[in-house]
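Participant: Chains as they are written, first to last, in the numbering used here: chain L, 376 to 492; chain C, 10 to 124. Input: one structure, supplied below.
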């Protein structure tokens, strides 16, 4: 069974500082993808970043980077130079690359990030 | 272009009404999804269509009826809903190719209120 755990229900960060959002996962699949999504109060889920389980380098997309530690089964999101517009709910998700449920995404419970001016 | 569109944005319906939610994507994605999301919770998977065939139904009550008329369109037909069905309904799509875990792209959602 797949399980995604986000242990920080809410976090505060000062504008322009960096912040790390934690995500651990449990899967018996050998090949999978890890994702982070941002959901502002408007409701739309915005794809931020992807990490493949066989990727040796950590993924980066602008101010977002994914700190991937495969042995520890963690995929933390790092946001550098926080902006007020980063205030939102953030979800970590996982999808197997193959197998019966390879179309299924598994989501964590989310972390509400508040950026303070 | 990574756009998924959904209509309507807001919907208020009575428990005896029949309504439909619509979703459209033109990214050539062959997997399409319906999710239900309550406030401050993660999206909850309802249905997955793969190449226009229903591949996953997460034991959703029959008052929700999905339909995939073609590879770009996804509908969710609603009938005799309950107040607890009030939620944000999100549509998503993804490429589908075995051996690679593609990301999903979401639409803006439909906020449904059942009175």
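Using N, Cα and C, we set each Cβ at its ideal position, and we do this for glycine too.
Taking 8 Å as the limit between beta carbons, can you name the residues of its chain near residue 416 of chain L, skipping five residues before and five after?
Facilitator: The residues are 463.
Participant: Using C-beta distances below 7 Å, list every residue in its chain close to residue 66 of chain C, excluding the 5 sequence neighbours before and after it, in chain order.
Facilitator: Excluding residues within five positions, the ones whose Cβ falls inside 7 Å are 56.
Participant: Among L:431, L:433, L:429 and L:412, whose alpha-carbon lies nearest the alpha-carbon of residue 423 of chain L?
Facilitator: The option with the nearest alpha carbon to residue 423 of chain L is L:412.
Participant: Mind pulling the chain C residues with CB within less than 9 Å of residue 425 of chain L?
Facilitator: In chain order: 110, 111 and 112.
Participant: Do residue 430 of chain L and residue 471 of chain L have their C-beta atoms within less than 8 Å of each other?
Facilitator: Against a cut-off of 8 Å, the Cβ pair of residue 471 of chain L and residue 430 of chain L comes out as no contact.
Participant: What number of angstroms, rounded off, separates the C-alpha of residue 493 of chain L from the C-alpha of residue 48 of chain C?
Facilitator: Outside the shown range of chain L (376 to 492) lies residue 493 of chain L, about which nothing can therefore be said.
Participant: Can you give the Cα-Cα distance for residue 38 of chain C and residue 59 of chain C, rounded to whole angstroms?
Facilitator: Those two C-alpha atoms are separated by around 9 Å.
Participant: Could you tell me the alpha carbon to alpha carbon distance between residue 480 of chain L and residue 426 of chain L, rounded to whole angstroms?
Facilitator: Going from the Cα of residue 480 of chain L to the Cα of residue 426 of chain L covers about 14 Å.
Participant: Locate the beta strand (DSSP E) running through residue 90 of chain C, then write down its first and last residues.
Facilitator: Careful: residue 90 of chain C lies outside any beta strand (DSSP E) and carries neither H nor E.
Participant: Can you name the residues that DSSP bridges to residue 29 of chain C?
Facilitator: DSSP, once it has assigned bridges, lists C:86 as partnering residue 29 of chain C.
Participant: Check whether chain C comes within 8 Å of residue 407 of chain L, counting only Cβ atoms and requiring the distance to be less than that.
Facilitator: It does: the Cβ of residue 407 of chain L has a partner Cβ on chain C nearer than 8 Å.
Participant: Would you say the beta carbon of residue 464 of chain L is closer than 7 Å to some non-hydrogen atom of the ligand SAM?
Facilitator: Questions concerning the ligand SAM fall outside what the structure shown contains, since it holds no ligand whatsoever.
Participant: Helix, strand or coil: which one does DSSP assign to residue 427 of chain L?
Facilitator: In the structure shown, residue 427 of chain L sits in a strand (DSSP, three-state: E or B).
Participant: Less than 6 Å between C-beta atoms, sequence neighbours within five positions excluded: which residues of the same chain meet that for residue 19 of chain C?
Facilitator: Correct list, in chain order: 120.
Participant: Taking only beta carbons into account, state which residues of the stretch 26–38 of chain C come closer than 9 Å to chain L, listed in chain order.
Facilitator: Result list empty, no residue passes.
Participant: Determine whether the Cβ of residue 115 of chain C lies closer than 8 Å to any Cβ atom of chain L.
Facilitator: Yes - at least one Cβ of chain L is within 8 Å of the one on residue 115 of chain C.
Participant: Quick one, which of L:450, L:457 and L:474 has its alpha-carbon nearest residue 482 of chain L's?
Facilitator: Checked all of L:450, L:457 and L:474; the closest Cα to residue 482 of chain L is L:450.
Participant: Which partner residues does residue 41 of chain C have in the DSSP bridge list?
Facilitator: DSSP output for residue 41 of chain C lists C:58 and C:102 as bridge partner(s).
Participant: Report, in whole angstroms, the separation of the C-beta atoms of residue 15 of chain C and residue 117 of chain C, which I expect to be a contact under 8 Å.
Facilitator: Between residue 117 of chain C and residue 15 of chain C the Cβ distance is about 6 Å, and since that is below 8 Å, they are a contact.
Participant: Against residue 57 of chain C, what residues of chain L qualify as contacts under a CB-to-CB distance less than 8 Å, listed in chain order?
Facilitator: Here the neighbours are 478 and 479.
Participant: Can you give the Cα-Cα distance for residue 381 of chain L and residue 101 of chain C, rounded to whole angstroms?
Facilitator: So the alpha carbons of these two residues sit roughly 22 Å apart.
Participant: Short check: CB of residue 475 of chain L to CB of residue 454 of chain L, under 8 Å?
Facilitator: Not in contact: residue 475 of chain L and residue 454 of chain L (Cβ atoms no closer than 8 Å).
Participant: Would you kindly work out how many angstroms separate the C-alpha atoms of residue 54 of chain C and residue 489 of chain L, rounded to a whole number?
Facilitator: Looking at the two C-alpha atoms, the distance is approximately 27 Å.
Participant: Let's test the definition: count the other Cβ atoms within 10 Å of the Cβ of residue 459 of chain L and tell me whether it reaches 16, buried, or not, exposed.
Facilitator: Exposed.
Participant: How many Å lie between residue 442 of chain L and residue 410 of chain L at the Cα?
Facilitator: Taking the straight line joining both Cα atoms gives about 12 Å.
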